[in-house]
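Student:
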Amino acid sequence: MTAKAALCPPTWMKRAEKREFRRVIAARSSLGTPVSEAELDTVADYVSARLRLVELRDRAAKAEFPNSYLKIVRAIEATTATSRRLAQDLRLIAPPSPPLGKKAAAALAAEKAAGGGWDGLLDTGTPASVFRTPRPPQARKGSE
120 MTAKAALCPP TWMKRAEKRE FRRVIAARSS LGTPVSEAEL DTVADYVSAR LRLVELRDRA
180 AKAEFPNSYL KIVRAIEATT ATSRRLAQDL RLIAPPSPPL GKKAAAALAA EKAAGGGWDG
240 LLDTGTPASV FRTPRPPQAR KGSE
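Counting from 120, one number per residue, gives the positions in the sequence shown under the working numbering.
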């Protein structure tokens, strides 16, 4: 199977799904990690889940409360979780970072306090003054 044929959307997809499929392929290629043949089914599943979310949200807007609405909301939550998991599998989003342990949280807080706040931890190349929030003026001693 040639590389071009391998990256074609499945024939069972609708036009909107095929367009989204190609968009995901292009997004991964722009990240420098092109989609492999083994991931094509995952891309197809991800696209189907994302477009199913659009349909479910439309149905939820028209549904009667509470019976059918609650069922649709549960389906939306399940489909959202599925699409996020598939996006992580496809490396479109980063997996959630594990929670910090007590020692790591204490070290981060100490570094924050020593560096003048969270702004000191940002290293974006942008001047730190852009990220700093203005502090309210403090009353001087003796002016009260």
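Virtual Cβ for every residue (Gly too), placed ideally from N, Cα, C.
Based on Cα-Cα distance, which residue from G220, R204, E136 lies nearest to A213?
Tutor: By one-based count along the sequence shown, residue 213 stands at place 94. Nearest option by C-alpha distance: R204.
Student: V351: buried (16+ other C-beta within 10 angstroms of its C-beta) or exposed?
Tutor: Given that the chain is displayed from residue 120 to residue 263, the structure contains no residue 351 and the question cannot be resolved.
Student: Assuming L209 is part of the alpha helix (DSSP H), what are its boundary residues?
Tutor: Position 90 of the sequence shown, counted from the first residue, corresponds to residue 209. Unbroken run through L209: none, as it is neither H nor E.
Student: Helix or strand or just coil, what does DSSP make of K231?
Tutor: Here residue 231 refers to the residue found at position 112 when the sequence shown is read from its first residue. Reduced to three states, the DSSP call for K231 is helix.
Student: Nearest to A195 by alpha carbon, out of F184, L170, D164?
Tutor: Mapped onto the sequence shown, residue 195 falls at position 76. Reading the sequence as shown, one finds Ile at residue 195 and not Ala. Among F184, L170, D164, the Cα nearest to that of I195 is on L170.
Student: With respect to the alpha helix (DSSP H) encompassing E139, which residues constitute its N-terminal and C-terminal limits?
Tutor: Along the sequence shown, read from residue 1 onward, the residue named residue 139 stands at position 20. From DSSP, the alpha helix (DSSP H) with E139 extends over 134 to 149.
Student: Is it buried or exposed, L175, if we count other Cβ atoms within 10 angstroms and call 16 or more buried?
Tutor: Residue 175 sits at position 56 when you count from the first residue of the sequence shown. Classification for L175: buried.
Student: Under the three-state reduction of DSSP, which class applies to L126: helix, strand or coil?
Tutor: On the sequence shown, residue 126 is found 7 positions in, with the first residue counted as 1. Note: L126 maps to coil in three-state DSSP.
Student: Do you know how far the Cα of K222 is from the Cα of K231?
Tutor: On the sequence shown, residue 231 is found 112 positions in, with the first residue counted as 1. On the sequence shown, residue 222 is found 103 positions in, with the first residue counted as 1. Distance between the alpha carbons of K231 and K222 is about 14 Å.
Student: Flag this pair as yes or no: are the beta carbons of I191 and A206 separated by less than 7 Å?
Tutor: For this step, residue 191 is matched to residue 72 along the sequence shown. For this step, residue 206 is matched to residue 87 along the sequence shown. The answer is no: Cβ separation not under 7 Å.
Student: Out of D164, A157, P128, Y188, point me to the one whose CA is closest to R141's CA.
Tutor: Within the sequence shown, numbered from 1, the residue matching residue 141 stands at position 22. Checked all of D164, A157, P128, Y188; the closest Cα to R141 is P128.
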